[in-house]
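Residue numbers for the sequence shown follow our numbering, beginning at 3 and rising by one.
No residue lacks a Cβ here, since even glycine has one placed at the ideal position from N, Cα and C.
Notes for the one structure printed next.
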Amino acid sequence: MNYQILRVRSFAAVLAAGLLAVPGMSAALTLEEAIRLAEREAPSLAARTANLQAAQSSVTPAGELPDPKLRLGVQNLPIEGDSRLRLGAERMTMQKIGVMQEVPNRAKRRARVEAAEASVRLARVQQTVERLKVRQLTAEAWIATLAAEQKLTIFDQLYTENRVLTQAVKAKIAGARGLSSDSVLPKQEAALLAEQEDALARNETVARAELQRWIGEAATEPLEGSWPVWRDDFDHYRHNLHRHPDLLAFDPMSARAEAKVNEAISDKTPDWGWGVDYQRRGGGFGDMVSVSVSFDLPVFAGSRQDPKIAAERARLAELEAERQAMLLMHNQELAADLAELQRLERALARVDETLLPLAEEKVRLAMADYRSGNGELTFVIAARQELVEIRLRRVDLARDRSLTNARLHFAFGDTQP
């Protein structure tokens, strides 16, 4: 008995695994799964990862000395007389080979390292910002696709109601209690519904294409889940204003600009270099060795170093001004999105509590009047069209609420990994 149970369980497990492996038989697509797939598949994230690796690889070389230089030459070679162009004829003629090393001053090398390290922080921030962007755009595409799906589901119900209406009209005409021309109205309504449905089917195709941009073929799966809601507190959003993704890059960019200022200032400190040369002489003359040291002479700072320093400080001031301008812009966007979210919440509640029940009641009353002979079929059609519009509007309001909520959450929520 136990052996048979084990075989049944094993068969069930194999069958389940097989079904999951068959295309079209996979589970429906949730928002969480869509975001996970987007983070794995997005080429832009791979690009940011490569950018971060490049920045990290640039830190060590930034503080190193320049490569040494090999020097080859001939000194004091005669060009006249019997010894013309003869290497060993004159005691002062020497064949030279040497090495020269330039040494930038310590402050300059430290500034270059600081700039490279700031570039690494900037690349890491850009990777974080891109991940948030991918998450947000994927969520927005998923929400738009869900809205299109729900609208098409509404039309399936409307077609059923249209068939019921058609049967009611036929029964009334057959009982000599209705006009023959009334038989046309349900057909006209069905045709108009089909026209609206075609537009919605097109919108769903466009929404799924946008979703496919981020997650690939998984976008063709039916969606699972309701409207996403991120329950962050409004005060929390305001507190996180300075953490908006667009503002995160300014700290490392400012650090890099400050490093550039320090590097420009370091040009006032002389760089130096050293060299060693081995000089071989012919004709039995003794060989020689030369040692040299060189120094830069920044004696024209007013026309060279000072303008560079001023330029780098101006770029730093530009960054700070851009940060303030962007902070003000996102503060305005935050206020606008919060107000819009509150408006959408109220509008959605109004539809659910008042407008939708009244529209449904209006259809029932119009239909009852028509069946009793006290109303016109045109009133029924008009009431049904109003109901269709309110149902579609309800989907639009729920979609817009989730989209606004997503913008707030991914911009001002604690989503930074």
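Check, Outcome
"Backbone secondary structure at Met102 - three-state DSSP", "strand"
"Length of the line joining the Cα atoms of His244 and Ser305", "40 Å"
"Phe297, enclosing beta strand (DSSP E) - first and last residue", "290-297"
"Start and end residues, alpha helix (DSSP H) containing Arg317", "307-352"
"Continuous beta strand (DSSP E) assignments of at least 3 residues falling wholly in the stretch 52-139", "71-77, 96-105"
"Proximity to Arg386 [Cα-Cα], best of Ala368, Gly227, Ser374, Arg401", "Ala368"
"Candidates Asp398, Ser121, Leu250, Glu199, of which the one nearest Asp158 by Cα", "Glu199"
"Same chain, Cβ closer than 6 Å to Gly90, five either side skipped, listed in chain order", "Gly284, Gly285"
"Segment contact, 8 Å Cβ cut-off, at least three pairs: the stretch 146-165 with the stretch 264-282", "no"
"Cβ distance (whole Å) where Ala319 is taken to contact Leu124 below 8 Å", "Not confirmed; about 19 Å, so no contact."
"Integer Cβ distance of Trp229 from Ala56, believed to fall under 8 Å", "41 Å between Cβ atoms; not a contact."
"Cβ shell of Ala413 (< 6 Å), same chain only, five flanking positions each side left out", "His246"
"Asn107 and Thr95 closer than 8 Å at C-beta", "no"
"Cβ neighbours of Arg282 in the same chain (closer than 6 Å, five flanking residues each side left out)", "Gln97, Asp289"
"Cβ neighbours of Leu47 in the same chain (closer than 8 Å, five flanking residues each side left out)", "Glu41, Gln129, Glu132, Arg133, Val136"
"Gly370 versus Glu342 - alpha carbon distance", "The amino acid occupying residue 370 in the given sequence is Ala; Gly does not appear at that position. Distance between the alpha carbons of Ala370 and Glu342 is about 39 Å."
"Which of helix, strand or coil DSSP assigns to Met27", "Model confidence at Met27 stands at a pLDDT of 41, short of 50, so the residue's coordinates are unreliable; what they give is reported in the following sentence. Coil, per DSSP."
"Distance, Glu119 Cα to Ala44 Cα", "26 Å"
"Own chain, CB closer than 7 Å to Gln58, minus 5 neighbours either side, in chain order", "Val122"
"Rounded separation between Ala30 and Glu347 - CA only", "28 Å"
"Pair within 8 Å by beta-carbon distance, Arg204 and Thr222", "no"
"Range of the contiguous alpha helix (DSSP H) that encloses Val301", "Counting along the chain, Val301 falls outside any alpha helix (DSSP H), and DSSP gives it neither H nor E."
"Met331 classed as buried or exposed, judged by whether at least 16 other C-beta atoms fall within 10 angstroms", "exposed"
"Residues near Arg396 in its chain [Cβ-Cβ closer than 6 Å; skip 5 each side]", "Val353"
"Proximity below 8 Å, CB of Ile311 to CB of Val263", "yes"
"Euclidean distance between Cα positions of Glu212 and Lys71", "56 Å"
"Outcome for Glu69 when other beta-carbon atoms lying within 10 angstroms are tallied against a minimum of 16", "Here residue 69 is Asp; the residue named in the question, Glu, does not match the sequence. Exposed is the call here."
"Exposure of Asp279, with buried meaning 16 or more beta-carbon neighbours within 10 Å", "buried"
"Cutoff 6 Å; reference Gly415; Cβ partners in own chain excluding five residues on either side", "Asp234"
"Residue range of the beta strand (DSSP E) that includes Asp279", "274-282"
"Sequence-distant residues of the same chain with beta carbon closer than 6 Å to Ala23, five excluded per side", "Reliability of the predicted coordinates at Ala23 is poor, the pLDDT of 38 falling under 50, and the value obtained from them is presented with this limitation in mind. Same-chain partners within the cutoff: there are none."
"7 Å Cβ shell around Gln152 - same chain, five flanking residues per side excluded", "Val397"
"Whole-angstrom C-beta distance between Ala141 and Ile267, which should lie under 8 Å", "About 47 Å; that fails the 8 Å criterion."
"Reference Gln190, options Ala384, Arg317, Ala361, closest by Cα", "Ala384"
"Among Val293, Leu249, Thr207, Ala49, the one whose alpha carbon lies nearest that of Val101", "Val293"
"Start and end residues, alpha helix (DSSP H) containing Ala44", "No alpha helix (DSSP H) holds Ala44; DSSP gives it neither H nor E."
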